[in-house]
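Everything below concerns the one structure shown next.
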Amino acid sequence: MQDITGRSALTALGHDIRHVAIIMDGNGRWARRRGLPRTLGHREGVKALRRTVRAAIELAIPYLTIYAFSSENWSRPKAEVDDLMGLIKRFIRRDLAELHGNGVRLRVIGDRSGVSQDLLALMDDATALTRNNTCLDLVVAFNYGARAEITRAAQALAERVAAGTLTPDAITPELLAGELNTAGMPDPDLLIRTSGEIRLSNFLLWQLAYTEFVFLDVLWPDFDRAQLEQAIGIYQARERRYGGTGSDVPGDALANAPVTTAADASPAGSVRPVRGQETA
Ligand code: FPP
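This is the structure in structure tokens:
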């Protein structure tokens, strides 16, 4: 099997995942449990991100999208927002050479308005430098909100209608998807959210329509390759039917659907039971 870039999607682990999206949650709680300031939790979160990027390369996952800063995160205390901005700048400055050397293509999705010029310039330079890399697309969702993204796409189509170059009945899901920040990328196969929270928080609402969700109790700073493999294992136990009944489950598909439990996931039970979420 090949993805839209032509890269093979078959891997040593035997998975066919082209795109993993991650909501990196729990930095603050990780720090609080240790009596540390939240900013130290975010610093450990960057280390977890480095581990995860390396693991994604090793596991031959072509696309990794991370929720680095949501459009709602501006409402956090200014000191924390400033700290997160500094961390992202340092991440690009310090890690860009290694990312580039490892064949990572850096992409940024989200709203550019309100973002400082120096950070925009750093992001633009990094995306330009790495644009021809083909090992892993690391997609950083920054100042990102899905409703705003879908709204911008609708506005772009509305402008074409107003200009007379598009008729309303010619608008299709594919046309709208082509106006999203993720145009040209495959939709995520697997969404992981850490820290035990079970919500999407305005992340990739369009693109996650048929994605498999895995919610892990681990806090983001403790995330590593083992956790990623665990999530992939849960994904592999699921049957994706895209609203159909599945190829080998005629009749009562639900009765035959695999059920993921904490026991399946790990002896430590670090994954919540998610019965029912594996069915479309
Ligand atoms: C959620 O944890 C995490 C964030 C809002 C930011 C994620 C950022 C990083 C992992 C580091 C910086 C990113 C890059 C790309 C270098 P939280 O603070 O909401 O944790 P809590 O829910 O326990 O309070």
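The sequence shown begins at -9 in the working numbering and counts up one residue at a time. Ideal placement from N, C-alpha and C gives every residue a C-beta, glycine not left out. Predicted, not measured: the structure shown is a model, and the values here were computed from it.
Is any heavy atom of the ligand FPP found at a distance shorter than 8 Å from the C-beta of residue i?
i: V129; result: no
i: D101; result: no
i: F203; result: no
i: V94; result: no
i: S65; result: no
i: R97; result: no
i: D108; result: no
i: A152; result: no
i: R41; result: no
i: V105; result: no
i: N192; result: no
i: R57; result: Sequence check: residue 57 is Tyr here, not Arg. Because some heavy atom of the ligand FPP lies under 8 Å away, the Cβ of Y57 counts as near it: yes.
In whole angstroms, what is the alpha-carbon distance linking residue i and residue j?
i: A69; j: L209; result: 22 Å
i: D108; j: L77; result: 13 Å
i: V129; j: I56; result: 6 Å
i: A138; j: Q197; result: 14 Å
i: F193; j: N133; result: 11 Å
i: E219; j: L26; result: 29 Å
i: V105; j: G236; result: 45 Å
i: A216; j: T157; result: 50 Å
i: L180; j: A160; result: 31 Å
i: A258; j: I224; result: Per-residue confidence for A258 stands at a pLDDT of 37, beneath the threshold of 50, marking its modelled position as unreliable; the derived number appears in the next sentence. Cα-Cα distance, rounded: 15 Å.
i: G18; j: D101; result: 24 Å
i: A144; j: L166; result: 7 Å
By the DSSP assignment, the alpha helix (DSSP H) with residue i in it spans what residues?
i: D108; result: Q107 to L119
i: T42; result: R28 to E48
For the beta strand (DSSP E) holding residue i, just list the boundary residues, first then last.
i: E187; result: Premise fails: E187 is in no beta strand (DSSP E) and is neither H nor E.
i: F81; result: Careful: F81 lies outside any beta strand (DSSP E), inside the alpha helix (DSSP H) at K68 to G91.
Report the CB separation of residue i from residue j in whole angstroms; it is logged as a contact under 8 Å.
i: D177; j: H5; result: Their Cβ separation, rounded to whole angstroms, is 16 Å, which puts D177 and H5 out of contact at 8 Å.
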